[in-house]
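Here the structure is laid out as structure tokens; the discussion comes afterwards.
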Amino acid sequence: MSTGIGSKKQCVTCNKSGGILTCDGCGKTFCGKHVIEHRQELAAKLDNIMQEHDLLQQEIEQPSARKNSLLQKIDRWEKDSMLKIQIAAESARRSLLDLLEQAKGPLSKIYDDITDDLHSAREADDFSEYDLDRWKKQLKDLELQVTFPPAAKLVPDKNNPIYLMQLHIDDSLNNNSPNRKDGAANQSNSTLQERFLQSLGPVRFEEGGFIARHTSPVSDYAYVRGRLLYLRGSHTIRFRLEKCKQPYYIFFGCMSSKVNLQEDAFRLPSSVGWFGSNQAYEQGRCSRSCKKSEFNSNKIQPNDVLQITLDCSQMEIRLYHERMKTTCVLGVDPKLTPFPWQLLMVLCNPGDTIRILPNA
Numbered sequence: 021m022s023t024g025i026g027s028k029k030q031c032v033t034c035n036k037s038g039g040i041l042t043c044d045g046c047g048k049t050f051c052g053k054h055v056i057e058h059r060q061e062l063a064a065k066l067d068n069i070m071q072e073h074d075l076l077q078q079e080i081e082q083p084s085a086r087k088n089s090l091l092q093k094i095d096r097w098e099k100d101s102m103l104k105i106q107i108a109a110e111s112a113r114r115s116l117l118d119l120l121e122q123a124k125g126p127l128s129k130i131y132d133d134i135t136d137d138l139h140s141a142r143e144a145d146d147f148s149e150y151d152l153d154r155w156k157k158q159l160k161d162l163e164l165q166v167t168f169p170p171a172a173k174l175v176p177d178k179n180n181p182i183y184l185m186q187l188h189i190d191d192s193l194n195n196n197s198p199n200r201k202d203g204a205a206n207q208s209n210s211t212l213q214e215r216f217l218q219s220l221g222p223v224r225f226e227e228g229g230f231i232a233r234h235t236s237p238v239s240d241y242a243y244v245r246g247r248l249l250y251l252r253g254s255h256t257i258r259f260r261l262e263k264c265k266q267p268y269y270i271f272f273g274c275m276s277s278k279v280n281l282q283e284d285a286f287r288l289p290s291s292v293g294w295f296g297s298n299q300a301y302e303q304g305r306c307s308r309s310c311k312k313s314e315f316n317s318n319k320i321q322p323n324d325v326l327q328i329t330l331d332c333s334q335m336e337i338r339l340y341h342e343r344m345k346t347t348c349v350l351g352v353d354p355k356l357t358p359f360p361w362q363l364l365m366v367l368c369n370p371g372d373t374i375r376i377l378p379n380a
């Protein structure tokens with residue numbers, strides 16, 4: 021604010037000319053009373069901007085579909101696709117049940133004929149190996165007609181496809197470096213933050229994918245994969261075992277992203293990592309030799325921090341126990357675990373909880 025000089029000016033609020041001040045920001049003039057109100061209005065606008073600033077920080081740290089238009093489109097595509105599948109499945113199911121209902125009469129007639137033959141042969145004690153083979157074949161044929169109706173088969177409706185959605189990233193907009201060719205897998209640890217993304221079994225993600233929690237009341241495998249793909253370079257992810265039931269039984273490792281997440285994923289030839297009971301898995305083969313992998317799961321405790329390094333250049337993964345200051349190393353065969361790699365974890369015990377820590 022500055023004092024008006026020259027021609028007599030009036031307050032824009034009350035038209036008084038006493039004690040006039042001019043706002044350097046908006047150029048308007050105010051009296052002593054209303055200049056205070058003007059400053060209060062500016063302070064209120066600043067508070068609104070600070071609130072928008074705080075909300076934007078939350079959105080940056082934990083993106084939500086409420087604000088992100090692409091996430092909204094993905095959610096809408098998912099719901100629409102599921103609805104189409106449910107409608108198609110219900111229609112096919114209803115048609116098949118109608119067909120089976122129509123076939124009950126003929127199938128029951130065949131069944132009754134076989135029943136009469138069996139009872140007659142037993143009562144008369146008049147049958148041979150030929151008759152046994154014939155009845156066995158008749159029953160087998162009848163079972164096939166019941167379980168696999170010959171008049172029905174499932175065929176894809178090419179006129180109503182459900183297209184898969186993929187996210188394509190324009191590298192030129194995200195990174196101007198000429199060496200960046202392979203998207204997220206090529207960025208350094210400090211650029212992209214790993215999170216949990218895919219799951220199979222009793223597990224729940226919390227805090228935007230930074231926490232994975234085993235939700236079953238009984239021991240059961242819960243499979244988890246990270247969101248990032250690793251193609252080259254060395255990448256380290258730090259974890260804290262926030263809850264870890266003893267004896268320790270959690271799998272840390274990696275697998276090829278080209279292989280779907282499935283049950284017994286840690287036993288697949290594309291998987292490498294460490295499990296409880298001192299188990300080390302190399303391309304799906306299990307070894308309990310501590311000396312071979314320098315891995316001792318008995319020393320892992322709740323609240324321990326572990327680091328797993330996916331070294332694509334050296335084609336190996338390393339597990340570092342921060343409290344014990346020990347490092348375990350396993351080689352990765354790129355023929356069995358083709359790039360890009362993906363983080364793989366398996367939780368087993370009820371309540372086991374893993375947190376991904378921020379990049380250093």
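Quick note on the working numbering: the sequence shown kicks off at 21 and runs consecutively. Cβ coordinates follow ideal geometry from the N, Cα and C atoms, glycine included. These numbers were taken from a predicted model, which means no experiment stands behind them.
Query                                                                                                        : Result
Rounded distance between the beta-carbons of Q362 and G246, thought under 8 Å                                : 6 Å
Residues bridged to I270 (per DSSP)                                                                          : L367
Per DSSP, the bridge partner or partners of D331                                                             : S254, E336
Secondary structure of G246, DSSP reduced to three states                                                    : strand
Buried or exposed by the 16-neighbour rule on C-beta atoms within 10 Å, applied to R233                      : buried
Alpha-carbon spacing of K147 relative to A141, whole angstroms                                               : Lys is not the amino acid found at residue 147; the sequence shown has Phe there. Cα-Cα distance, rounded: 6 Å.
At least three beta-carbon pairs within less than 8 Å, the stretch 287–300 to the stretch 352–366            : yes
Chain D contact for D100 (CB, 8 Å cutoff)                                                                    : The structure shown contains no chain D; it is built from a single protein chain.
Reduced DSSP category for V32 - H, G, I as helix; E, B as strand; rest coil                                  : coil
Boundaries of the alpha helix (DSSP H) in which V166 is found, first to last residue                         : 149–167
Beta-bridge partners of A108, as assigned by DSSP                                                            : Answer by DSSP bridge pairing: none, since A108 is not bridged.
Helix, strand or coil at A64 [DSSP, three-state]                                                             : helix
Of the residues R59, N318, D284, the one placed nearest R305, counting alpha carbons only                    : D284
Integer Cβ distance of I270 from L367, believed to fall under 8 Å                                            : 6 Å
Check whether V244 and F272 have beta carbons under 8 Å apart                                                : no
Sequence-distant residues of the same chain with beta carbon closer than 8 Å to L162, five excluded per side : L127, I130, Y131, I134
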